[in-house]
Amino acid sequence: MGSDSSTPRPCTGGQRPSSAALWDHGGEEAIVGTKVWTYGLAGEQAVFEGRFQFEAQLAHYGGFIDVMQVHNLAAYQDHLPWLEEERNAGRIGWIGGTHYRTDALTALVPLMDAGRLDVIGVPYNPLEAEAADMILPLAEEQDIGVIAMRPFAEGELLPGPDIKRLDGLGVETWAEALLKWTLSDGRIHVVIPATRQEPHLLANVQAAQPPRFDPDQRAFVGRLAAKYAGASGVG
Ligand SMILES: NC(=O)c1ccc[n+]([C@@H]2O[C@H](COP(=O)([O-])OP(=O)(O)OC[C@H]3O[C@@H](n4cnc5c(N)ncnc54)[C@H](OP(=O)(O)O)[C@@H]3O)[C@@H](O)[C@H]2O)c1
């Protein structure tokens with residue numbers, strides 16, 4: 453996929469995108485990434501529910517989904533065959549698999565090895581960087597797209613240090629520094645911060661603009677993140 457941009461939070465069947473503002477600011481160029489989420493279901497029930505979600509999403513997004521993911525790999529054995537049929541039929545661009553738990557990332561490996569996933573979604577921020585060694589080398593080797601989730605550790609990394617600590621990084625906010633930290637790993641293609649605020653949405657899209665951090669800048673941000681995680685933001 454190769455796009456370094458922020459994308460809207462994935463939506464499930466029938467919901468409006470949480471980021472309607474994106475469509476007013478170049479949304480026609482956005483990559484639509486969403487998911488099937490059938491926790492607790494298996495077999496025909498999982499497929500029925502997954503297809504129901506997919507059809508609602510297709511109707512909402514105009515008949516094509518760029519990235520269709522199996523959320524947390526739930527019932528992936530049931531979903532991958534019909535998702536592959538849909539990809540062959542041209543209604544899906546890429547098939548993805550996600551997992552939110554860093555200790556479960558290895559579950560993605562056999563599916564990547566078998567060529568079943570075009571894209572993976574993994575947590576990736578300075579506090580949750582296990583993917584760097586566990587999964588990103590394989591993704592790079594196999595040319596698999598990588599979506600970085602939870603760039604702010606669901607807010608745990610915010611508000612972060614005072615802006616004065618960011619001198620020399622070429623950023624205006626700590627949130628921007630964290631997004632650049634993620635995107636400065638060349639194996640990451642897209643980062644998906646979640647926000648309910650239009651100004652944050654627009655700032656997050658802006659943060660995807662080059663330049664990236666060099667290794668020293670990235671390491672500095674990593675150290676700051678470790679120091680200020682969950683702190684008051686003063687200092
Ligand atoms: N298994 C999975 O597939 C899985 C698991 C986890 C997460 N995800 C996905 O990953 C994405 C992000 O993960 P997440 O929801 O855990 O959290 P996150 O993006 O790490 O953090 C969200 C928090 O950051 C704040 N924020 C966003 N932009 C900001 C900015 N520019 N300045 C200051 N604060 C900002 C938001 O508050 P405001 O609303 O106030 O901006 C919100 O409190 C979501 O799209 C989610 O669907 C997927």
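Heads up, the sequence shown is in the working numbering, so the first residue is 453 and it goes up one at a time.
Glycine included, every Cβ here is placed at the ideal spot set by N, Cα and C.
Pick from Ile544, Pro651, Tyr680 that is closest to Tyr513, judged by C-alpha positions
Counted from its first residue, the sequence shown places residue 513 at position 61. The candidate whose alpha carbon is nearest that of Tyr513 is Ile544.
Query raised in the report: Beta carbon of Glu606: closer than 7 Å to some heavy atom of ligand 1?
Result: Locating residue 606 in the sequence shown gives position 154, where the first residue counts as 1. Within the cutoff, so yes.
*What residues are listed by DSSP as bridge partners for Pro575?*
What you label residue 575 is simply residue 123 of the sequence shown in a count that begins at 1. Partner(s): Met601.
Handout entry: Cβ neighbours of Ile640 in the same chain (closer than 7 Å, five flanking residues each side left out)
Key = On the sequence shown, position 188 is the one that residue 640 refers to. For Ile640, where only same-chain residues beyond five positions count, the Cβ hits under 7 Å are Tyr576, Val598, Ala600, Thr634.
- Item | Residues near Pro661 in its chain [Cβ-Cβ closer than 7 Å; skip 5 each side] | Residue 661 sits at position 209 when you count from the first residue of the sequence shown. In the sequence under discussion, the amino acid at residue 661 is Gln, which differs from the Pro named in the question. For Gln661, where only same-chain residues beyond five positions count, there are no Cβ hits under 7 Å.
Quick check on Ala526: buried or exposed, where buried means 16 or more other Cβ atoms within 10 Å of its Cβ?
Within the sequence shown, the letter at position 74 stands for residue 526. So Ala526 ends up on the buried side.
With DSSP collapsed to three states, give me the class of Glu580. Residue numbering aside, residue 580 sits at position 128 when the sequence shown is read from its first letter. Three-state result, Glu580: strand.
State the start and end residues of the unbroken beta strand (DSSP E) segment that holds Lys487.
The residue labelled residue 487 in the question sits at position 35 within the sequence shown. 485 to 488 is the extent of the beta strand (DSSP E) around Lys487.
- If you follow the alpha helix (DSSP H) that Asp530 is part of, which residue opens it and which one closes it? Looking up residue 530 in the sequence shown gives position 78. Note, Asp530: alpha helix (DSSP H), 528 to 540.
inquiry  = Taking 7 Å as the cut-off, is the C-beta of His551 nearer than that to any heavy atom in ligand 1?
reply    = Walking along the sequence shown from the start, residue 551 turns up at place 99. In this structure, the C-beta of His551 approaches ligand 1 to less than 7 Å from one of its heavy atoms.
What three-state label does DSSP hand Thr634 in the structure shown? By one-based count along the sequence shown, residue 634 stands at place 182. Thr634: helix per DSSP, three-state reduction.
Next on the checklist: Three or more C-beta pairs under 8 Å: does that hold for the stretch 599 to 617 against the stretch 555 to 566?
Outcome noted: no
- Task: With hydrogens ignored, establish whether the beta-carbon of Ala646 is closer than 7 Å to any heavy atom of ligand 1.
- Result: Residue numbering aside, residue 646 sits at position 194 when the sequence shown is read from its first letter. The answer is yes for Ala646.
Buried or exposed (CB count within 10 angstroms, at least 16 for buried), Pro533: Counting from one through the sequence shown, the residue named residue 533 turns up at place 81. Exposed: under 16 other Cβ atoms inside 10 Å.
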